[in-house]
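Student:
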Amino acid sequence: MPSTHLRRDVVHFCGVALGLGTAGCLEDLPNENGSRETSTIQAQSTTSERTTIAAGDVSDEEAKERALTAEEEYLTEQFQNASCLSNWGTSPTTVGEQATITERSADGVYVEVVHPFSYSAEQTEAEGDPRVREEADGGSNALYLVTADSIERVRGDNIAPC
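Residues in the sequence shown are numbered from 995 upward in steps of one, following my numbering.
1) Between the Cα of E1128 and those of A1057, T1063, N1081, spot the shortest distance and give me the residue it belongs to.
2) At which residues does the beta strand (DSSP E) containing A1093 begin and terminate?
3) Could you have a look at D1054 and say whether DSSP puts it in helix, strand or coil?
4) Quick one: what's got a C-beta closer than 6 Å to Q1092's C-beta in the same chain, skipping five residues either side?
5) Please list, in chain order, all residues of the same chain as T1096 whose beta carbon is under 6 Å from its beta carbon, the five residues on each side excluded.
6) So who's on the other strand from F1073, going by DSSP bridges?
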């Protein structure tokens, strides 16, 4: 029979995995006037303006590639700023990269992405158990609006490990 310590670690890991898997479910709630807040990522600056460019200016493959790259940049920024992490990555582990065109409109191309990530953190706990290691493997889910000039993260999982 496994030790209590091992069972606790397994339950802790499953809880973290479940929490990360469902973290995006509440991220996309509308505010009190029914609209959803978004942020725009451009090559050198961040703005909240929407640029209307014909969707035909961006191919499906280019839109998918740019959305996946933008999500990898988002994850990298989140992990680089997390002082509690001892290791992290955006290479496929348990989840692969996925990108799906969901809509083409006058605003641009909407792309749903799943991007893999993993991280580990070591934290000091109580006496007798000096180090607790937390590990996570998963995939972030996000929706991007891609135009010829910008990429906007319309909604997505809030990945904040610390």
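Think of the CB as a built atom: it goes at the ideal place given N, C-alpha and C, for glycine as much as any other residue. Everything numeric in this text was worked out from a predicted model, so none of it was measured.
Tutor: Working from what's here:
1) N1081
2) 1092 to 1099
3) helix
4) V1108
5) Y1104, E1106
6) None; F1073 has no bridge partner.
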